[in-house]
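The block underneath contains the structure these notes are about, expressed in structure tokens.
Protein chains: 4
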Amino acid sequence: MWTTIGSDSTVPIYEQIIAQVVGVIASGGLKPGDMLPSVREMAGKLLVNPNTVARAYGELERAGLVEPRRGTGMLILPASDTKAADMRLTILRERLRPMLRDALGFGLDAGEILDLIRAELDSLNTRTSAPAAS
Amino acid sequence: MWTTIGSDSTVPIYEQIIAQVVGVIASGGLKPGDMLPSVREMAGKLLVNPNTVARAYGELERAGLVEPRRGTGMLILPASDTKAADMRLTILRERLRPMLRDALGFGLDAGEILDLIRAELDSLNTRTSAPAAS
Amino acid sequence: MWTTIGSDSTVPIYEQIIAQVVGVIASGGLKPGDMLPSVREMAGKLLVNPNTVARAYGELERAGLVEPRRGTGMLILPASDTKAADMRLTILRERLRPMLRDALGFGLDAGEILDLIRAELDSLNTRTSAPAAS
Amino acid sequence: MWTTIGSDSTVPIYEQIIAQVVGVIASGGLKPGDMLPSVREMAGKLLVNPNTVARAYGELERAGLVEPRRGTGMLILPASDTKAADMRLTILRERLRPMLRDALGFGLDAGEILDLIRAELDSLNTRTSAPAAS
DNA sequence: GTGGTCTAGACCACT
DNA sequence: GTGGTCTAGACCACG
Chain A
-2 MWTTIGSDST VPIYEQIIAQ VVGVIASGGL KPGDMLPSVR EMAGKLLVNP
48 NTVARAYGEL ERAGLVEPRR GTGMLILPAS DTKAADMRLT ILRERLRPML
98 RDALGFGLDA GEILDLIRAE LDSLNTRTSA PAAS
Chain B
-2 MWTTIGSDST VPIYEQIIAQ VVGVIASGGL KPGDMLPSVR EMAGKLLVNP
48 NTVARAYGEL ERAGLVEPRR GTGMLILPAS DTKAADMRLT ILRERLRPML
98 RDALGFGLDA GEILDLIRAE LDSLNTRTSA PAAS
Chain C
-2 MWTTIGSDST VPIYEQIIAQ VVGVIASGGL KPGDMLPSVR EMAGKLLVNP
48 NTVARAYGEL ERAGLVEPRR GTGMLILPAS DTKAADMRLT ILRERLRPML
98 RDALGFGLDA GEILDLIRAE LDSLNTRTSA PAAS
Chain D
-2 MWTTIGSDST VPIYEQIIAQ VVGVIASGGL KPGDMLPSVR EMAGKLLVNP
48 NTVARAYGEL ERAGLVEPRR GTGMLILPAS DTKAADMRLT ILRERLRPML
98 RDALGFGLDA GEILDLIRAE LDSLNTRTSA PAAS
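If you want it as structure tokens, here you go:
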């Protein structure tokens, strides 16, 4: 369920953790009422400093997705699944905007940009999953 | 030809300058054999510190697009136009890939992602439809 | 391990710092997996501005010798020791070639040039025979 | 007699011109009583800005090698040949010193440095001139 | 005029 | 604590 953090990315580690948790909740991997892995456990799984996991959990708490339960860990709150589905769109939009602005600044038009993205999506899909049965 | 720098972005100013210069060269606004605007002139146009422009120019030099001519300025090198066209695609692809990987990891499919991007492109275009600064 | 910067030289300070770090790595004073002294610490040792050290570190990163670890410092990469050993020879050769070409163009022969260099090396060695700074 | 200036060198153009003139006089290509090519003529030969040639000539005058003759050009002074022979050693020494200091800073010892120089001299000699008859 | 280097001091995000 | 970025202002060599 949890994938180790790639040090190749420029995205801050704690944001990568947030994105992972949001993705897991949004896609039903964890449901309201479940518990998040403990900070230490998660840090071990992701090969990351526990402080960094703690920061990510803190932001998830501020976002209203989870709530600390004394002594037991982070409880995934009711309605966190729909909230997570919203958040992933917000996160993507905020990462998308500066990139698209730069793409336009590069002198590319919307059509060229979309073509580039489609091609990149294709290459990611074929590399990640087997081709669907026709 | 040159647009002012958006201070709202997390992208470093010097990278925004690089992107602009690459875009201008790739789209033929400046051609091999031309000179780049002087550091001080560009700094004035973009309302940034000359040191920041100098750093951008230094990176353009390392990228092989331009070459300093002692006492005269920055010369745009032969073949820099095709190199710039390559660069902007490469840069975008490398910024695109981790974001699209995360988007797919969020459980979104290609159609949803493209819709999101189209909407974001529209909002950027309508917001920047005012005439460009000199 | 680190020697103070000679302000008598026309060589930029940041290049002198690069040369020192390359020398230390090449000679095993620091090994892959170690951390470079922090920017502020190195700046204190060498009595230069932290920005100047940061610039040197940036170029060492581009050379593939080190990698910034967010929040922790500059990691010396695997194989950086052999790379550093190559680099110092390459750097010297490239600085040597135009000078030797000019020396031959002056009508001097190899023996005269080597005598000159030996004399210069002697004078440098006797002048720097004092114990190195910490 | 005069070779065009290589823009690949980091050595200032006016110093390259000085070195050429000194070399020509030291090796007898021009003798006391001869005239230096006019600024414009030399600038044409070397593909260089006349101002730069003028600066080089100015320094040669300050060094006491030549003297301006109104309306006719630069006269090569008596004893300039021996003076030029001294100068070329001085010029070489001053270019040699920072490089050797850096080489020592790299952790190389005098023997290794001399080996490197000998190898470089050999490669320059074999590339420049045909092998001597055995 | 040009670019290049350096200093001083500030602010920021990340761990 | 770490590195990264930016500003302001200075000085220099080169053409």
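Protein chains in written order, with this note's numbering: chain A, -2 to 131; chain B, -2 to 131; chain C, -2 to 131; chain D, -2 to 131.
Even for Gly, the Cβ is constructed at its ideal location relative to N, Cα and C.
This structure is a prediction, so every number in the text was calculated from the model and none was measured.
> Going along chain A, which residues have a C-beta under 8 Å from residue 96 (chain B)?
Replying inline: 89, 92, 93, 96
> How close, in whole Å, do the beta carbons of residue 89 (chain B) and residue 113 (chain A) come, if the pair is a contact with beta carbons under 8 Å?
Replying inline: 6 Å
> Between the C-alpha atoms of residue 115 (chain D) and residue 108 (chain C), what's the straight-line distance to the nearest angstrom?
Replying inline: The straight-line gap from Cα to Cα measures roughly 10 Å.
> Taking 7 Å as the CB-CB limit, is residue 33 (chain D) close to chain C?
Replying inline: no
> Out of curiosity, what's the CA-to-CA distance linking residue 2 (chain B) and residue 16 (chain B)?
Replying inline: If you draw a straight line from the Cα of residue 2 (chain B) to the Cα of residue 16 (chain B), it comes to about 11 Å.
>> I need the straight-line Cα distance from residue 72 (chain D) to residue 27 (chain D), nearest angstrom please.
In response: 11 Å
> Per the contact definition of three or more C-beta pairs closer than 8 Å, is the segment 34 to 49 of chain D in contact with the segment 5 to 19 of chain D?
Replying inline: yes
> residue 132 (chain B) lies in the alpha helix (DSSP H); which residues open and close that run?
Replying inline: Residue 132 (chain B) lies beyond the residue range present for chain B, which begins at -2 and ends at 131; the question has no answer from this structure.
>> the ligand NAD and residue 91 (chain A): does the residue's C-beta get closer than 6 Å to at least one heavy atom of that ligand?
In response: In the structure on display, the ligand NAD does not appear, and there are no ligands present to speak of.
> Closest Cβ-Cβ distance between residue 20 (chain B) and chain A: below 7 Å?
Replying inline: It does: the Cβ of residue 20 (chain B) has a partner Cβ on chain A nearer than 7 Å.
>> I'd like to know whether the C-beta of residue 81 (chain D) is nearer than 7 Å to at least one C-beta of chain C.
In response: So no, residue 81 (chain D) is outside the interface.
> Can you find a C-beta in chain A that's less than 7 Å from the C-beta of residue 131 (chain B)?
Replying inline: With a pLDDT of 48 at residue 131 (chain B), under the threshold of 50, the modelled position of this residue cannot be trusted; read the value that follows with caution. False, the Cβ-Cβ gap to chain A never drops below 7 Å.
>> Between the alpha carbons of residue 40 (chain B) and residue 70 (chain B), how many angstroms are there, rounded?
In response: 14 Å
> Going by alpha carbons, who is nearest to residue 58 (chain D) out of D:42, D:77, D:44, D:43?
Replying inline: D:77
> From this set, A:85, A:38, A:96, A:117, which residue's C-alpha is nearest residue 19 (chain A)'s C-alpha?
Replying inline: A:85
> In three-state terms, what does DSSP make of residue 131 (chain C)?
Replying inline: Reliability fails at residue 131 (chain C), whose pLDDT of 47 lies under 50, so the model's placement of it is uncertain and the value that follows must be treated cautiously. Shown here, residue 131 (chain C) sits in coil according to DSSP, grouped into three states, outside any helix or strand.
> For residue 70 (chain A), does the three-state DSSP call read helix, strand or coil?
Replying inline: strand
>> Using only CA atoms, which one of A:74, A:43, A:119, A:68 lies nearest to residue 132 (chain A)?
In response: Examination of residue 132 (chain A) is not possible in this model, given that chain A is present from -2 through 131 alone.
>> Short of 8 Å in beta carbon distance, which residues of its chain neighbour residue 29 (chain B), apart from the five on each side in sequence? Order them along the chain.
In response: 73, 74, 75, 76, 77, 78
>> Cβ closer than 8 Å: which chain C residues qualify as neighbours of residue 43 (chain D)?
In response: Within chain C, no residue comes near residue 43 (chain D); the closest Cβ sits about 14 Å away, beyond 8 Å.
>> Please confirm whether residue 118 (chain C) has its beta-carbon closer than 7 Å to some beta-carbon of chain D.
In response: yes
> Just reading off the alpha helix (DSSP H) that residue 132 (chain D) is part of, what are its end residues?
Replying inline: Any question about residue 132 (chain D) goes unanswered here, given that chain D covers just -2 to 131.
> Does DSSP put residue 84 (chain D) in a helix, a strand or coil?
Replying inline: helix
> Which word fits residue 118 (chain A), buried or exposed, when buried means at least 16 other C-beta atoms lie within 10 angstroms of its C-beta?
Replying inline: With 16 or more neighbouring CB atoms inside 10 Å of its own CB, residue 118 (chain A) falls in the buried class.
> To which residues of the same chain is residue 120 (chain B) closer than 7 Å at the C-beta, ignoring the five residues directly before and after it?
Replying inline: none
> CA-CA distance, residue 91 (chain D) and residue -1 (chain D)?
Replying inline: 23 Å
>> Beta-carbon within less than 8 Å of residue 64 (chain C)'s beta-carbon, same chain only, minus the 5 sequence neighbours each way: which residues are those?
In response: 58, 71, 72, 74
>> For the segment 96 to 111 of chain A, list every residue whose C-beta sits within 8 Å of some C-beta in chain B, in sequence order.
In response: 96, 97, 98, 99, 100, 101, 102, 103, 104, 105, 107, 110, 111
>> Quick test of your reading: residue 104 (chain D) and residue 24 (chain C), contact by CB under 8 Å. State the CB separation rounded to the nearest angstrom.
In response: 4 Å
> Nearest to residue 81 (chain C) by alpha carbon, out of C:9, C:66, C:22, C:8?
Replying inline: C:22
>> Could you compute how far the alpha carbon of residue 96 (chain C) sits from the alpha carbon of residue 36 (chain B)?
In response: 31 Å
> With a CB to CB cut of under 6 Å and the five nearest residues on each side skipped, what residues in its chain are close to residue 10 (chain B)?
Replying inline: Contacts found: 2, 45, 49.
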